[in-house]
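Numbering (my numbering), first residue to last: 61 to 937.
For each residue, glycine too, the CB sits at the ideal point set by N, CA and C.
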Amino acid sequence: MQVCMRRLALYPLRAAGASRGKGTLLCVAARHLSPGARTLFSETGVWERDYRTETRHKVEQWWHPRIMAQWQKDAQAENSNRKKFYVLSMFPYPSGRLHMGHVRVYTISDTIGHFQRMRGHQVLNPMGWDAFGLPAENATNLHLCISEVSEVTTCLPDYYRWTQYLFIRLFEAGLAYQKEAVVNWDPVDQTVLADEQVDENGCSWRSGALVEQKLLKQWFIKTTNYAKPLLDALQDLPEWYGVKGMQANWIGKCTGCYFDFRLKVNGEETAETLSAYCSSPEAVFGGAYLAILPSHRLLNGSSAVRPALQKHFQPGRGQFSSQQMIESTEKLFIFRRKSTFLGVLPTSSMGCVPDCSEDDLSVASALNLRWTTVLQTDDDGTQTLINSAEFSGLSREQGFEAITQKAVQQKVGGHLTSSKLRDWLISRQRYWGTPIPVVHCGSCGPVAVPEEELPVTLPKLSLTGKGASPLEAAHDWVNCECPRCKGPARRETDTMDTFVDSAWYYFRYTDPQNQHRPFERRLADHWLPVDVYIGGKEHAVMHLYYARFLCHFCRDQGLVAHREPFWKLLVQGLIKGQTFRLAESGQYLKREEIDFTGKEPVALGGGRVEVTWEKMSKSKHNGLDPQEVVQQYGLDTVRLYILSAAPPEQDILWNVKTDTLPGVIRWQARLWQLVTKLRGARQFEDPPNPSLLKKKELAEAKKIWQNKNYTIQEVTAHFTEDFLFNAAISRLMGLTNTLNVSVVLLHSVEFEEALAALVKMAAPMAPHLASELWAGLCQVKNPLSPVLQRGGDVLQQAWPAVDPQYLEAPDFVELAVLINNKSCGTVTVPLQASKDSGRVEQLVLESSIGQKLLRQRSIKRVILSPRTALINFLVDE
């Protein structure tokens, strides 16, 4: 297993505004590249006329350590008064070699980080490892050894100490609790699985084993208490590419709440409580019965009321008889009702109120149950509470508010949530995880480990055994002293789900070396919320929900000022490889096992072959080693390809022969040629005289000036608003075309400044190439513009700004875009290009509208109106 970034060609650069340990800016760099025989200008002062493969490798080898060193130097001298920018990529999970998906996410975050730094921001773009969990345990059975003090690594005690600290805060707030529950059990990996880790066939996502249902005592975090705040807070966030809708759907409509009921058997009170969902909390005094599922712990666990329940359970009918002897008494209210337990419910337990539900009414009537009427309809049609103790006389809306608030105050429920949402089950029966910092005492019950005794570290033991949690075998570790009464106790042997570690890591990045608390509030408040959070859409529900919950909780605990951890979310599509498999058996084949000479591919051993695009995987023989790809094409080429192949949220179908990779290789060569031409034109002793330009040449120079400003405007918008880096690269290519001019125009200020802006705008995406191009530009003889006379490398330059006079009198027109005669928005194009059908078509295709609505469609015809500002694309439906 390879977990060291340097071995995987991913090199960290320190974050601006942070000392060592404050985070990193990722750069992907090539290793073991042949030095080549050609010279490099920055090294020898001799400029190569052509950008050859060996030149590219030499450029990247030369500039990578220098870019890193300069970034570290700038970080130490950073002015903390600069506006902050926090760009964050989701944790890599080192269960094996990093793959092209990792390269994609860190290329995006690195590009954004460089761009924001050039805009004058103090940038934090950190790096860490989500190194706990089943895949890492199965892959190594060893502790991972990562010594970089700047990296956040979840499996190291200096990190999970604070995961345990936050768990104790949850425990003390009544939000972490233990109960028996029916869980998904993987019989091979011997651990609990979340519902999302079980596939549609009922098999484990990891081992493939058929999942069993098992009753275990588990630890939960009461995320349902925060359901309504988490749902409401989505309204204040910008659009998240559909993810906000996914979050809202996961939470559900928060129209009811849970109440805790105290259970009695034959009139005698037990220590048991039953938390039941009530869809009409205001009518709780009119409840007729409580209902539970047949899988509920009261029927299947060690509950004291289990014998009484089973006595009256009728398995054939799936329900209890109305004569059973269970009573329920809610802690807050005097509430004694005979209770009937049914078997088909939307939640594991539910309080049923006939006054508010026809279904509840029909069941209660069929079972001859009695209940109290609690709703009275007044003459004006409003409903008022009656027979509801101190709440009688309130309107239904007032009663809803008053009853739920008092239940919260009395700590017996009342938090608004949905019937579909469940609390977060965090127990895992594995060694490789954060130990739950609780001891079980016969006298005191579960007791949190004191903060000064954290971290509770993992004992050293063999992981070869199966059965119960491996920690059970560590007797000297399990048997301990109760922190409260000093009597004998046993440590909790479950470990935490890895989602707990990744639910708060964005806090730790702001203060990763703090030995006294998880993070300094001052630093967390400075950096949060994360300005751009980048990762896969597969984490759009669970991880984001848990991370948002932890931030809301920390805000309520006074640990931070912000309630939401992430501002903008940039979801990333997959990089898919071409797969070949036998049509009959579904067996995946390697490319060399297939005959491509005919019209359709066939297996060499016989059999029809199906060709598809799927997520890269070693088992599907369609994966790519990032290090090999970088060695073959060069680092900047891979970065540009990844950014230009598709918008971030779309999948990339990796096919280097037919897609955009040849185009970005040619573009790099054209950029090199532009600098070569300018350097060649300025070799004369006499400085050029722009005043000698003729009328036609002055018009061409103005066109260059306009295109430069238009490109700056568009590319800046793509980098800050919609993150369509592919559209930004397309626009830069357009400016490159504009700069393919006559030799005379090489002696204009407009050309010089446009080329300088072009190189600077390419720098965040291709930093090595741009650094060399900038070095070549700054040594041009007889420069006309002060832009080329400033010191420093290209990444130290300010991001180019639009000229004020261009903003004051822009020669542009707003063009309506239609697709199959239906309006889809507008695009702003230069006035000079507005009558050129081909040019307008290109600009629309480069725009966000074109990238989202036209990129994947076959265009049959394009109609540019000669009279109105309108263009119509006719496409196949």
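Check the C-beta distance from residue i over to residue j and give it rounded, since I have them as a contact under 8 Å.
| i | j | result |
| --- | --- | --- |
| residue 409 | residue 336 | 4 Å |
| residue 357 | residue 240 | 4 Å |
| residue 808 | residue 761 | 5 Å |
| residue 340 | residue 242 | Not really, about 27 Å apart at Cβ, beyond 8 Å. |
| residue 516 | residue 507 | Rounded, the Cβ-Cβ distance is 13 Å, inconsistent with contact. |
| residue 282 | residue 294 | Not confirmed; about 20 Å, so no contact. |
| residue 45 | residue 649 | Outside the shown range of the chain, which is 61 to 937, sits residue 45, and nothing can be said about it. |
| residue 320 | residue 423 | At roughly 23 Å, the Cβ-Cβ gap does not stay under 8 Å, so residue 320 and residue 423 are not in contact. |
Using CA atoms only, rank isn't needed, just tell me which of the options is closest to residue i.
| i | options | result |
| --- | --- | --- |
| residue 514 | 675, 646, 221 and 313 | 221 |
| residue 498 | 536, 541, 484 and 491 | 541 |
| residue 778 | 662, 824 and 736 | 824 |
| residue 148 | 807, 593 and 556 | 593 |
| residue 880 | 907, 792 and 920 | 920 |
| residue 183 | 223, 596 and 141 | 141 |
| residue 767 | 795, 751 and 787 | 795 |
| residue 291 | 315, 117, 724 and 886 | 315 |
| residue 536 | 546, 275 and 519 | 519 |
| residue 712 | 164, 644 and 150 | 164 |
| residue 936 | 918, 548 and 361 | 918 |
| residue 238 | 276, 416 and 258 | 276 |
| residue 108 | 550, 734 and 558 | 734 |
| residue 672 | 853, 743, 696 and 682 | 682 |
To the nearest angstrom, how far is it from the Cα of residue i to the Cα of residue j?
| i | j | result |
| --- | --- | --- |
| residue 125 | residue 279 | 48 Å |
| residue 863 | residue 769 | 7 Å |
| residue 934 | residue 299 | 29 Å |
| residue 121 | residue 128 | 12 Å |
| residue 831 | residue 839 | 13 Å |
| residue 923 | residue 909 | 17 Å |
| residue 915 | residue 894 | 21 Å |
| residue 849 | residue 856 | 13 Å |
| residue 431 | residue 420 | 11 Å |
| residue 775 | residue 622 | 31 Å |
| residue 579 | residue 608 | 17 Å |
| residue 501 | residue 617 | 27 Å |
| residue 114 | residue 826 | 17 Å |
| residue 269 | residue 539 | 33 Å |
| residue 912 | residue 668 | 36 Å |
| residue 363 | residue 331 | 10 Å |
| residue 160 | residue 258 | 26 Å |
| residue 558 | residue 493 | 7 Å |
Which of helix, strand or coil does DSSP assign to residue i?
| i | result |
| --- | --- |
| residue 641 | strand |
| residue 245 | strand |
| residue 919 | strand |
| residue 197 | Model confidence at residue 197 stands at a pLDDT of 44, short of 50, so the residue's coordinates are unreliable; what they give is reported in the following sentence. DSSP places residue 197 in helix when its eight states are reduced to three. |
| residue 539 | strand |
| residue 885 | strand |
| residue 481 | coil |
| residue 346 | helix |
| residue 319 | strand |
| residue 899 | helix |
| residue 672 | strand |
| residue 168 | helix |
| residue 704 | helix |
| residue 722 | helix |
| residue 117 | helix |
| residue 491 | coil |
| residue 866 | helix |
| residue 550 | strand |
| residue 425 | helix |
| residue 144 | strand |
Task: Inter-stretch contact (C-beta, 8 Å, three-pair minimum) for the segment 595 to 611 and the segment 625 to 645 - done: The segment 595 to 611, when compared against the segment 625 to 645, does touch it at the 8 Å Cβ threshold.
* Three-pair Cβ contact test at 8 Å for the segment 802 to 821 versus the segment 683 to 701 -> With a cut-off of 8 Å, the segment 683 to 701 and the segment 802 to 821 do not count as touching, because too few Cβ pairs lie within range.
Whether or not the segment 475 to 485 and the segment 285 to 302 are in contact is what I'm after, with contact meaning three or more pairs of Cβ atoms, one per stretch, closer than 8 Å; do they touch? Short answer: they touch.
Fill in: Segment contact flag, the segment 486 to 503 with the segment 305 to 325, C-beta cutoff 8 Å, min 3 pairs
Cβ pair count under 8 Å is below three, so no.
- [ ] Give a yes or no on contact between the segment 338 to 351 and the segment 421 to 441, applying the rule of three or more CB pairs nearer than 8 Å.
- [x] Three or more beta-carbon pairs drawn from the segment 338 to 351 and the segment 421 to 441 are found closer than 8 Å, and the two stretches are therefore classed as touching.
For the segment 705 to 717 against the segment 782 to 789, are there 3 or more C-beta pairs whose distance is under 8 Å?
Yes, the segment 705 to 717 is in contact with the segment 782 to 789.
Discussion item. Below 8 Å, how does it come out for the segment 567 to 581 and the segment 222 to 236: are there three or more Cβ pairs, yes or no?
Written reply: The segment 567 to 581 is in contact with the segment 222 to 236.
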